[in-house]
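Numbering-wise, UniProt numbering puts 230 at position 230 of the sequence shown, and it's gapless, one number per residue.
No residue lacks a Cβ here, since even glycine has one placed at the ideal position from N, Cα and C.
As the structure is a prediction and not an experimental result, all values here were calculated from the model.
Scroll down for the structure; my scribbles are underneath it.
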Amino acid sequence: MYVITHPHCLAHEMGHAHPESPDRLKVIQQVITQLSEQYPLQPLNATQAPLKAIKRAHSDHLIEQLTAHAPTEGYYSIDADTTMNPASLNAARYAAGSGLLALQMIHQKQTISHTAFCAVRPPGHHAEHDRAMGFCLLNHIAICALAAATDYHKKRIAIVDFDVHHGNGTEDIVADHSAIALFSTFQHPLYPGTGVPASADNIHNYPLSAGTNSHQIQQLWQQRLLPDIKAYQPDLILVSAGFDAHKDDPLAGLNFEDDDYYFFARELKSLADELCERKLIAFLEGGYELNALSRSVKRFMQGLLDD
Ligand SMILES: [Zn+2]
């Protein structure tokens, strides 16, 4: 598996005590080091996403705004939750670039793997076409999906989002796109309050009540979400892997357990093996309790790596 990150993603930070902290990536890097003793991981540094690829997902206005406000020192606040430091814009551009590098690597003729995990921050799924919000500046998974459609001629790209928050940005950007479908579970009602009802026919939303547990989420995957993805017959699977639906996470109220992330990975890998020539790219989104995040990412990666 390719594991893609960049040092800028560690340098981005939004102030003392912000839950979306560089420590998240530090504990994930420890997991990656541990797993690399057991599994064949290929670590790579992301390259910066070209403006052309970013502009498929985002307005000129948003890009100009982020560029104009990027501070040379201190912070710039975009909203109550979202702040830029001098490294933030680069972190987002390299995080977006991680998905493009992943696409390139898994499509090489002699590729060593068809799977990639982008261990990047800031997260991306709240960033809309024209608005940065909710800890997110650029929408990496949407930029990746649009590149897959344009540059790799994919016709049926499935984006699966199991972050506890609705990925309003991804829905905003891919709604009504003829080559992309979004399959998303999220707690509802909860920030950002969107997703019910879904805004277009290619958006498949599965809102979850507070307290939804391991048994209930696995049942929903088996009975509805997985059959719906299978019926779509994807040729590429992209995953917004947020780990904040874990029962120990302080930002929300779902009760997923470590092994649910293993289950998600096994099921998605099985679909990718069957339908997508094994091609699957996952992006880190949320997950804020560092111990739960570390264990959940480990189980998720093991699920993608186990035979
Ligand atoms: Zn989240």
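Contacts around residue i, its chain only, beta-carbon distance under 8 angstroms, and the 5 residues preceding and following it disregarded
{"i": "residue 262", "result": "299, 300, 302 and 303"}
{"i": "residue 248", "result": "289, 291 and 292"}
{"i": "residue 26", "result": "10"}
{"i": "residue 54", "result": "63, 93, 96, 138 and 143"}
{"i": "residue 1", "result": "39, 40, 41, 42, 113, 115, 116, 117, 301, 304 and 305"}
Length of the line joining the Cα atoms of residue i and residue j
{"i": "residue 284", "j": "residue 120", "result": "6 angstroms"}
{"i": "residue 129", "j": "residue 177", "result": "13 angstroms"}
{"i": "residue 320", "j": "residue 72", "result": "The shown model of the chain, from 1 to 307, leaves out residue 320, and the question about it has no answer."}
{"i": "residue 186", "j": "residue 104", "result": "30 angstroms"}
{"i": "residue 286", "j": "residue 42", "result": "23 angstroms"}
{"i": "residue 7", "j": "residue 260", "result": "30 angstroms"}
{"i": "residue 92", "j": "residue 221", "result": "31 angstroms"}
{"i": "residue 295", "j": "residue 24", "result": "12 angstroms"}
{"i": "residue 100", "j": "residue 52", "result": "12 angstroms"}
{"i": "residue 85", "j": "residue 13", "result": "6 angstroms"}
{"i": "residue 275", "j": "residue 268", "result": "10 angstroms"}
{"i": "residue 210", "j": "residue 250", "result": "13 angstroms"}
{"i": "residue 89", "j": "residue 112", "result": "31 angstroms"}
{"i": "residue 264", "j": "residue 87", "result": "32 angstroms"}
{"i": "residue 200", "j": "residue 22", "result": "35 angstroms"}
{"i": "residue 40", "j": "residue 216", "result": "33 angstroms"}
{"i": "residue 233", "j": "residue 202", "result": "13 angstroms"}
{"i": "residue 208", "j": "residue 218", "result": "12 angstroms"}
{"i": "residue 109", "j": "residue 102", "result": "14 angstroms"}
{"i": "residue 29", "j": "residue 198", "result": "35 angstroms"}
{"i": "residue 155", "j": "residue 44", "result": "27 angstroms"}
{"i": "residue 80", "j": "residue 223", "result": "38 angstroms"}
{"i": "residue 245", "j": "residue 15", "result": "24 angstroms"}
{"i": "residue 18", "j": "residue 5", "result": "21 angstroms"}
{"i": "residue 307", "j": "residue 60", "result": "44 angstroms"}
{"i": "residue 161", "j": "residue 273", "result": "19 angstroms"}
Cβ pair residue i, residue j closer than 8 angstroms
{"i": "residue 226", "j": "residue 206", "result": "no"}
{"i": "residue 308", "j": "residue 239", "result": "Since the first and last residues shown for the chain are 1 and 307, residue 308 lies out of range."}
{"i": "residue 163", "j": "residue 242", "result": "yes"}
{"i": "residue 56", "j": "residue 180", "result": "no"}
{"i": "residue 382", "j": "residue 114", "result": "Look at the range of the chain in this structure, 1 to 307, and you will see that residue 382 is not part of it."}
{"i": "residue 235", "j": "residue 204", "result": "no"}
{"i": "residue 31", "j": "residue 297", "result": "yes"}
{"i": "residue 237", "j": "residue 158", "result": "yes"}
{"i": "residue 76", "j": "residue 69", "result": "yes"}
{"i": "residue 135", "j": "residue 20", "result": "yes"}
{"i": "residue 137", "j": "residue 165", "result": "no"}
{"i": "residue 193", "j": "residue 184", "result": "no"}
{"i": "residue 230", "j": "residue 271", "result": "yes"}
{"i": "residue 58", "j": "residue 95", "result": "no"}
Neighbourhood of residue i by C-beta, 6 angstroms cutoff - its chain only, sequence neighbours within 5 removed
{"i": "residue 257", "result": "214"}
{"i": "residue 97", "result": "46, 47, 48 and 49"}
{"i": "residue 188", "result": "196 and 207"}
{"i": "residue 282", "result": "117, 239 and 241"}
Residues near residue i by beta carbon distance below 7 angstroms, same chain, minus five either side
{"i": "residue 132", "result": "62, 66, 78 and 82"}
{"i": "residue 145", "result": "157, 159, 174, 180 and 238"}
{"i": "residue 212", "result": "254 and 255"}
Proximity test, Cβ basis, 8 angstroms: residue i and chain D
{"i": "residue 188", "result": "Structure shown: chain D not included; a single protein chain is present."}
Exercise for the section: Any chance you could list the beta strand (DSSP E) runs of at least 3 consecutive residues sitting entirely within the stretch 213-259, in chain order? Expected result: For the stretch 213-259, whole beta strand (DSSP E) runs of length 3 or above, ordered along the chain, are 236-241.
Problem - Validate contact between the stretch 125-141 and the stretch 164-174 using beta carbons, cut 8 angstroms, 3 pairs - result: Contact between the stretch 125-141 and the stretch 164-174 is present, because at least three Cβ pairs lie under 8 angstroms.
Problem - Segments of 4+ residues assigned as alpha helix (DSSP H) that fall wholly inside the stretch 84-143 - result: If we require 4 residues or more, the alpha helix (DSSP H) runs fully inside the stretch 84-143 come out as 88-106.
Practice task
Check whether the stretch 21-37 touches the stretch 131-151, taking contact to mean three or more Cβ pairs, one atom from each stretch, closer than 8 angstroms.
Solution key: In short, these stretches do not touch, since the Cβ pair count stays below three.
Exercise for the section: Mind listing, in chain order, the continuous beta strand (DSSP E) runs of no fewer than 3 residues lying wholly within the stretch 160-221? Expected result: Listed in chain order, they are 180-187 and 203-208.
Handout entry: Minimum length 3: unbroken beta strand (DSSP E) runs contained in the stretch 28-55
Key = Taking only runs of at least 3 residues, the beta strand (DSSP E) segments lying wholly in the stretch 28-55 are 42-45.
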